[in-house]
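The listed protein sequences derive, respectively, from chains X and E.
Okay, so the first sequence: first residue is 1 according to this note's numbering, each after it adds one.
Okay, so the second sequence: first residue is 1001 according to this note's numbering, each after it adds one.
Note that the Cβ used here is the ideal one computed from N, Cα and C, for glycine as well.
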Amino acid sequence: MTAEPITGIVTPIRLDYTYTPGTAPSGFLRGMKEGRILGRRCPQCSKVYVPPRGSCPMCGVEFADEVEVADTGTLVTFAVVNVNFANRVIDLPYVSGEVRFDGSDTTSMVLVQGIPVDEVRMGMRVKAHWLPREEWDFTFANIDYVEPIDEPDADYDSYREFV
Amino acid sequence: MAGNLAAVLGTGQTKHVAKREDVSIAGLVREAADRALEDAGLTYADIDAVVIGKAPDMFEGVMMPELYLAEALGAIGKPLIRVHTAGSVGGSTAIVATHLVQAGVHERVLTVAFEKQSESNAMWALSIKIPFSQPLVAGAGGYFAPIIRGYIRKADAPLDTGFQVVLKDRLNALKNPYAHLHQPDISMEQIVSSPLLWDPIRYAETCPSSDGAAAMVIGSEQAADASSRPVAWIHGTAVRSEPTMGAGRDRVNPHAGRDCAKAVYAAAGITDPFREIDCAEIYVPFSWFEPMWLENLGFAEEGTGWKLVQDGVTALDGDLPINMSGGVLSSNPIGASGMLRFLEVANQVRGTAGEHQVDGARKALGHAYGGGSQFFAMWVVGKDKP
Ligand SMILES: [Zn+2]
């Protein structure tokens, strides 16, 4: 009896780590626990980063004051994801949106729900849908998704620089 | 031109396929290196140092593979340098090798890049979970699809532009025996009806997952003059990067890419890239990146790159052929993909590209980008000594 030669084996690999955020991301995660979106402003270029890092990647200076931004925003661009992948936790198809929360100068990738996938559009005004308060933790996942609000779409020129 | 002159003395690559089960990673890189040396008419004894690059180690789950590959690459007792710049790494690796020669440190350097995607799960490695972002990023396509949507909106580009790019590249690949995808029956209907994976990106508009390696021998002016084989003179190199998360960053037309192009043209003495460059191999993992990079590289005004595609300017017989080899859309051994761009244009100006040779190519651009479009590496090579 001859067996097929073994040319390869599948070895599941994992990488477990304890995440230690710095001062600025810690502030953001503590804000999340209270249902607030906290960013930081660069003292040089005045841009508000959400979530913040310790310093401005463009100016190289330390961020100053913490700034609370709104949980409403504009969907500046998005992808409709139809492809399966390892670690996926959301049902397909889903809309992975890039949202500029009002008051922020950066965009965050957020799940878009509450609207048929083929009706999602650039410039759509959205609001965060938070998990029930008792489930809030130190994570951005407290925002379950964003959903459309009853407002006219934002003018293209108002969000062009974030696309 | 900084430093001493340097030239490509020889090139080698493997036949790119989904799964190379007959060789290990060491066997794969050895195959490309053997071919590059043979092409240069040299042996491992002629090599002073080895510079190697690949995508992040998480892709294969082998940490610092360069250590165990030293023997396969004939690097025992010689300097061995590893380069890390995500998807642009194949380009940056060739540039580090070039700098070692231009600086007069070494006479002949072997440079190698590879990926063995069948031993890895790149989508998994790219879809990490961190507490300040939602678990939404579905691999590279999930990251780049919103940027492509942004380009289409900004440039008001016709929606079939991406399809035209794929059709061109896959037809070009039929002329390249090393290309992974050989699809003689490829048609517009097939492309248009392929599934929308990451809307607006269709399946046919994405690069394959490949096992493959690329290698080049870079030599000094003296080594090039002594060679009996055709060489490609390196007229200029440039690398640039920018902060991935910077506010106000233009991800469709990144500043670092524009700066890198300016720097490489200045180094090569080029003032009008569209007229002076005969052909280019640029890093296009998703079809729409061809028009986007045409603008970023200064071949077209902002918002008009798609017109060059639609007018057939970038076809093999066009005024500015792009990705004659079939490009990343036809073969994607990630770490090697950037080096393949550099290698293919070297072969073009050497006149050794084979069936996808552009007649009379004298000056050509190789381009690679990586990460979230924050790393860029470019070189200009020429038939003539600069
Ligand atoms: Zn700043």
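According to DSSP, simplified to helix, strand and coil, what is residue i?
| i | result |
| --- | --- |
| tyrosine 1288 of chain E | Tyrosine is not the amino acid found at residue 1288 of chain E; the sequence shown has tryptophan there. Correct three-state label for tryptophan 1288 of chain E: coil. |
| methionine 124 of chain X | coil |
| leucine 1005 of chain E | coil |
| lysine 1307 of chain E | helix |
| threonine 1387 of chain E | Outside the modelled stretch of chain E, which goes from 1001 to 1386, sits residue 1387 of chain E, for which no answer is possible. |
| glycine 54 of chain X | coil |
| phenylalanine 1299 of chain E | coil |
Give the straight-line distance between the Cα atoms of residue i and residue j, rounded to the nearest whole angstrom.
| i | j | result |
| --- | --- | --- |
| tryptophan 1198 of chain E | serine 1330 of chain E | 19 Å |
| leucine 1100 of chain E | leucine 1005 of chain E | 11 Å |
| phenylalanine 78 of chain X | valine 112 of chain X | 9 Å |
| valine 1165 of chain E | leucine 38 of chain X | 43 Å |
| lysine 1262 of chain E | threonine 18 of chain X | 42 Å |
| glycine 1257 of chain E | asparagine 1323 of chain E | 18 Å |
| glutamine 1102 of chain E | serine 1220 of chain E | 7 Å |
| alanine 70 of chain X | valine 1284 of chain E | 37 Å |
| valine 1109 of chain E | phenylalanine 28 of chain X | 48 Å |
| tryptophan 1233 of chain E | valine 1345 of chain E | 11 Å |
| valine 1380 of chain E | aspartate 1046 of chain E | 25 Å |
| phenylalanine 1299 of chain E | proline 1273 of chain E | 6 Å |
| glycine 97 of chain X | tyrosine 1203 of chain E | 20 Å |
| glycine 1041 of chain E | methionine 1216 of chain E | 12 Å |
| tyrosine 1151 of chain E | alanine 1223 of chain E | 45 Å |
| arginine 1170 of chain E | tyrosine 156 of chain X | 36 Å |
| cysteine 56 of chain X | aspartate 65 of chain X | 12 Å |
Residue i lies in the alpha helix (DSSP H); which residues open and close that run?
| i | result |
| --- | --- |
| proline 1273 of chain E | 1273–1276 |
| cysteine 1398 of chain E | Nothing can be reported for residue 1398 of chain E, as the shown portion of chain E is limited to 1001 through 1386. |
| valine 110 of chain X | Premise fails: valine 110 of chain X lies in the beta strand (DSSP E), 108–112, not in any alpha helix (DSSP H). |
| tyrosine 1068 of chain E | 1066–1069 |
| tryptophan 1124 of chain E | 1122–1126 |
| arginine 1030 of chain E | 1025–1040 |
| leucine 1343 of chain E | 1334–1350 |
Which residues mark the beginning and the end of the beta strand (DSSP E) in which residue i is found?
| i | result |
| --- | --- |
| isoleucine 1052 of chain E | 1049–1054 |
| valine 1239 of chain E | 1232–1241 |
| phenylalanine 101 of chain X | 94–101 |
| tyrosine 145 of chain X | 143–148 |
| threonine 1093 of chain E | From DSSP, threonine 1093 of chain E is part of no beta strand (DSSP E) but of the alpha helix (DSSP H) over 1089–1102. |
| leucine 1196 of chain E | 1196–1199 |
| aspartate 1401 of chain E | This structure cannot settle anything about residue 1401 of chain E, because the visible part of chain E is limited to 1001 through 1386. |
| alanine 154 of chain X | No beta strand (DSSP E) holds alanine 154 of chain X; DSSP gives it neither H nor E. |
| tyrosine 1369 of chain E | 1363–1370 |
Is the Cβ of residue i closer than 8 Å to any Cβ of chain E?
| i | result |
| --- | --- |
| serine 26 of chain X | no |
| aspartate 105 of chain X | yes |
| glutamate 151 of chain X | no |
| valine 69 of chain X | no |
| serine 55 of chain X | no |
| threonine 7 of chain X | yes |
| leucine 111 of chain X | yes |
| alanine 3 of chain X | no |
| valine 81 of chain X | yes |
| lysine 47 of chain X | yes |
| methionine 58 of chain X | yes |
| threonine 77 of chain X | yes |
| isoleucine 13 of chain X | yes |
| serine 158 of chain X | no |
Does the CB of residue i have a neighbour CB from chain C at under 8 Å?
| i | result |
| --- | --- |
| asparagine 142 of chain X | Chain labels in this structure do not include chain C; the protein chains are X and E. |
Is it right to say residue i is buried, meaning 16 or more other beta carbons lie within 10 angstroms of its own, or is it exposed?
| i | result |
| --- | --- |
| arginine 1275 of chain E | exposed |
| threonine 1314 of chain E | buried |
| valine 1192 of chain E | exposed |
| leucine 92 of chain X | exposed |
| proline 51 of chain X | buried |
| aspartate 1317 of chain E | exposed |
| serine 26 of chain X | exposed |
| asparagine 1332 of chain E | buried |
| proline 152 of chain X | exposed |
| serine 1187 of chain E | exposed |
| serine 158 of chain X | exposed |
| glutamate 1189 of chain E | exposed |
Looking at the C-beta of residue i, does it have a partner C-beta in chain X at a distance below 8 Å?
| i | result |
| --- | --- |
| aspartate 1199 of chain E | yes |
| glutamine 1134 of chain E | yes |
| valine 1017 of chain E | no |
| alanine 1213 of chain E | no |
| glycine 1246 of chain E | yes |
Sorry if obvious, but does the Cβ on residue i come closer than 7 Å to a heavy atom of ligand 3?
| i | result |
| --- | --- |
| cysteine 45 of chain X | In terms of ligand content, the structure shown lacks ligand 3 and carries ligand 1 instead. |
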